[in-house]
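Student: Just so we're aligned, residue 1 is where the sequence shown starts under the UniProt record's numbering, counting upward by one.
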Amino acid sequence: MHGGHHHRRCHDQDDEMLYLDLKKLKVISALGRGAKGVVFLVRTENGELLALKAILRSSIEKKKKLGSSSDGNEYRRICFERQVLASFHHPLLPKLHGVLMTDKIVGYAIDYCSGRDLNSLRKKQTEKMFSDDIIRFYAAELVLALEYLHNSGIVYRDLKPENVMVQENGHLMLVDFDLSTKLPPKSPENRSVSSETKPQIKPKKKKKFGFFFKRRDSGISPDDSVQREELGSNSMSSESDSVEKSNSFVGTEEYVAPEIILGDGHDFSVDWWCLGVMLYEMLYGTTPFRGANRKETFYRIITKAPDLTGEWTPLRDLIGKLLEKDPRKRISVREIKGHDFFRAVDWDTITEMPRPPFIPELTDVDGMKGNKEIDVESYVQGVFKVGEEGKVENNRKSVTSNCEENRRNKDVWVNNHPTQIQNDNFFIF
1 MHGGHHHRRC HDQDDEMLYL DLKKLKVISA LGRGAKGVVF LVRTENGELL ALKAILRSSI
61 EKKKKLGSSS DGNEYRRICF ERQVLASFHH PLLPKLHGVL MTDKIVGYAI DYCSGRDLNS
121 LRKKQTEKMF SDDIIRFYAA ELVLALEYLH NSGIVYRDLK PENVMVQENG HLMLVDFDLS
181 TKLPPKSPEN RSVSSETKPQ IKPKKKKKFG FFFKRRDSGI SPDDSVQREE LGSNSMSSES
241 DSVEKSNSFV GTEEYVAPEI ILGDGHDFSV DWWCLGVMLY EMLYGTTPFR GANRKETFYR
301 IITKAPDLTG EWTPLRDLIG KLLEKDPRKR ISVREIKGHD FFRAVDWDTI TEMPRPPFIP
361 ELTDVDGMKG NKEIDVESYV QGVFKVGEEG KVENNRKSVT SNCEENRRNK DVWVNNHPTQ
421 IQNDNFFIF
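1. What residue range is occupied by the uninterrupted beta strand (DSSP E) comprising ASP111?
2. Find out if the Cβ-Cβ distance for the pair PHE342, ARG136 is shorter than 8 angstroms.
3. If we count Cβ pairs, one from each stretch, closer than 8 angstroms, do we get three or more for the stretch 124-141 versus the stretch 43-59?
4. Identify whether SER29 lies in helix, strand or coil by the three-state DSSP scheme.
5. By a C-beta neighbour count over all protein chains shown, 10 Å radius and 16 as the cutoff for buried, is ASP326 buried or exposed?
6. Sorted by chain position, which residues of the same chain lie with C-beta nearer than 6 angstroms to LEU18's C-beta, five sequence neighbours on each side aside?
7. What's the gap between the Cα of GLY382 and the Cα of ASP103?
8. Reducing DSSP to helix, strand and coil, say where VAL345 ends up.
9. Return the first residue and the last residue of the alpha helix (DSSP H) that ARG43 is part of.
10. Spatial neighbours of PHE289 within its chain, please: CB distance less than 7 angstroms, with the 5 preceding and 5 following residues excluded, ordered by chain position.
11. Given ASN169, which residues of its chain have a CB within under 8 angstroms of its CB, disregarding the five upstream and five downstream residues?
12. Does DSSP put ALA257 in a helix, in a strand, or in coil?
13. Measuring CA to CA, which of PRO306, VAL175 and MET278 is closest to GLY34?
14. Thinking C-beta only, is LEU92 closer than 8 angstroms to GLU61?
15. Looking at C-beta atoms only, is the number of pairs between the stretch 274-294 and the stretch 310-324 that lie closer than 8 angstroms three or more?
16. Just to confirm my understanding: we take PRO94, look at its own chain, exclude 5 residues before and 5 after, and list those with CB closer than 7 angstroms. What are they?
17. Could you check how far apart the C-beta atoms of ILE78 and ILE105 are, in whole angstroms? I think they sit under 8 angstroms.
18. Using a Cβ-Cβ cutoff of less than 6 angstroms, which residues in the same chain neighbour TYR148 once the five nearest sequence positions on both sides are dropped?
19. Relative to the alpha-carbon of HIS336, which residue among THR349, LYS23, TRP272 and TYR379 has its alpha-carbon at the smallest distance?
20. My parser needs the alpha helix (DSSP H) runs of 4 or more residues fully inside the stretch 104-165; what are they?
21. Note down the Cα distance separating ASN415 from ASP346, rounded to an integer number of angstroms.
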């Protein structure tokens, strides 16, 4: 494995980490791409199928050089993500199977989910919506996954259907912890931010938020000059688990919580807001606050009540409580699990349910010989070279236009590199 030991930043876990040899992995196909990396389906020497996320090393180092106050911050984010992955022991969260470092790319391998993401599954449904019973199952699993993260001190901060995968057994798996951060672990008995110390959200604070952040594919990240120092830090203050907050601006436009837009600091409750947006989308087939552009979307998030059309149901009631704009009044995990919508849910056994609503078709593992024509390093370089060239033009487009443009171009990002990808199986996350 070339270049495997020259630029390690996660020194505290290097001795324990399993390093993968790219030469010994058979690349089956490219599964999709995100803001930073490309995900490949690979097979190990023992026949195990894994999802390998590969990130272009030069793009990380370029950002490092550009950010005057962000020495090594991109590395810290990657290290943080792989450290939290290594810590997970939960059926709804991925297991880290190894990390990869070469002169050109860095990356890691996690469980492969053959059912793709929840957004793709929703779009296959009649009228692109789920029934209440199906929503109940998926919502309950998401509640358990978020509860586990919060009890581990992790705020997820980017819950959206594209980050929720369907495992081979039909159960969910939460992936992509790039925007997550650590706060002191949430006490089961208390809110993570006390009402005495948390500032009230006041819409009259008209911050010109459009200048403080930039679009990053489907996600939003702070400008390079305002980096999230808490990522990857293990020296968090733990004087009180009722007052710690993060002031980072992160999330995805249609899912971001009001307190993040207003810059008042945020805590674990931002994840419950995102869950509310997801449940709304699963029920109605669209997100509740989407505007014609980012500015309008954010204005609606801050000021507009969700349009819960239809007769009153426990699900609509729960969505309304999750989409409470004041995080101090937003429903807590204890209240969520005790809500009428989940009355019939057995929280101790739901992850062991033998027949979830959707079981993916069996992958033809025997027919997967590996695509020797895909060179992971040059493939990733090609994707992000094209991405950089189109960046200025793409920034002029609306969110919708960007998504459509990406989907039209998804099979021609890399010239002269056959992908063997069907349109329906490649996703942008």
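Even glycine gets a Cβ: it sits at the ideal position worked out from N, Cα and C. Predicted model only: the values in this text are computed from it and were never measured.
Tutor: On the basis of the supplied data:
1. Taking the sequence shown and counting its residues from 1, the one referred to as residue 111 is at position 111. Where ASP111 is concerned, the enclosing beta strand (DSSP E) stretches over 105-111.
2. The residue given as residue 342 occupies position 342 in the sequence shown. The residue given as residue 136 occupies position 136 in the sequence shown. Taking 8 angstroms as the Cβ cut-off, PHE342 and ARG136 qualify as a contacting pair.
3. no
4. The residue you call residue 29 lines up with position 29 of the sequence shown. Of the three classes helix, strand and coil, the one that applies to SER29 here is strand, per DSSP.
5. Reading the sequence shown from its first residue, position 326 is the one you call residue 326. The residue is exposed, with fewer than 16 neighbouring Cβ atoms inside 10 Å.
6. On the sequence shown, position 18 is the one that residue 18 refers to. So the list reads GLY98, once near-sequence residues are dropped.
7. The count along the sequence shown starts at 1 and reaches residue 382 at position 382. The count along the sequence shown starts at 1 and reaches residue 103 at position 103. The alpha-carbon atoms of GLY382 and ASP103 are separated by roughly 16 angstroms.
8. In the sequence shown, the residue the question calls residue 345 occupies position 345. Coil at VAL345, not helix or strand.
9. Numbered from 1 along the sequence shown, position 43 holds the residue referred to as residue 43. No alpha helix (DSSP H) contains ARG43, which is instead part of the beta strand (DSSP E) from 37-43.
10. Sequence index remark: in the sequence shown, residue 289 carries index 289 (1-based). Within the same chain, PHE289 has close Cβ partners GLU254, THR297, ARG300, ILE301 and LYS304.
11. Start at 1 with the first residue of the sequence shown, and residue 169 comes out as number 169. Excluding residues within five positions, the ones whose Cβ falls inside 8 angstroms are PRO356 and ILE359.
12. Reading the sequence shown from its first residue, position 257 is the one you call residue 257. The answer is coil: DSSP assigns ALA257 none of H, G, I, E or B.
13. If you number the sequence shown from 1, residue 34 lands on position 34. Comparing Cα positions, the closest option is VAL175.
14. The residue given as residue 61 occupies position 61 in the sequence shown. The residue given as residue 92 occupies position 92 in the sequence shown. No, Cβ-Cβ distance for GLU61 and LEU92 is not below 8 angstroms.
15. yes
16. Position 94 of the sequence shown holds residue 94. So the list reads LEU85, PHE88, ILE110, ASP111, MET173 and VAL175, once near-sequence residues are dropped.
17. Counting from 1 along the sequence shown, the entry for residue 78 is found at position 78. Counting from 1 along the sequence shown, the entry for residue 105 is found at position 105. That belief does not hold up - the Cβ atoms of ILE78 and ILE105 are roughly 11 angstroms apart, past 8 angstroms.
18. If you number the sequence shown from 1, residue 148 lands on position 148. Here the set comprises HIS90.
19. Working through the sequence shown from its first residue, we reach residue 336 at position 336. Looking at the sequence provided, one finds Ile at residue 336 rather than His. ILE336 has its Cα closest to that of TRP272, out of THR349, LYS23, TRP272 and TYR379.
20. 118-123 and 132-151
21. Numbered from 1 along the sequence shown, position 415 holds the residue referred to as residue 415. Numbered from 1 along the sequence shown, position 346 holds the residue referred to as residue 346. At ASN415 the pLDDT is 30, less than 50, meaning the model places this residue with poor confidence; the figure from the coordinates comes in the next sentence. Taking the straight line from one Cα to the other gives about 51 angstroms.
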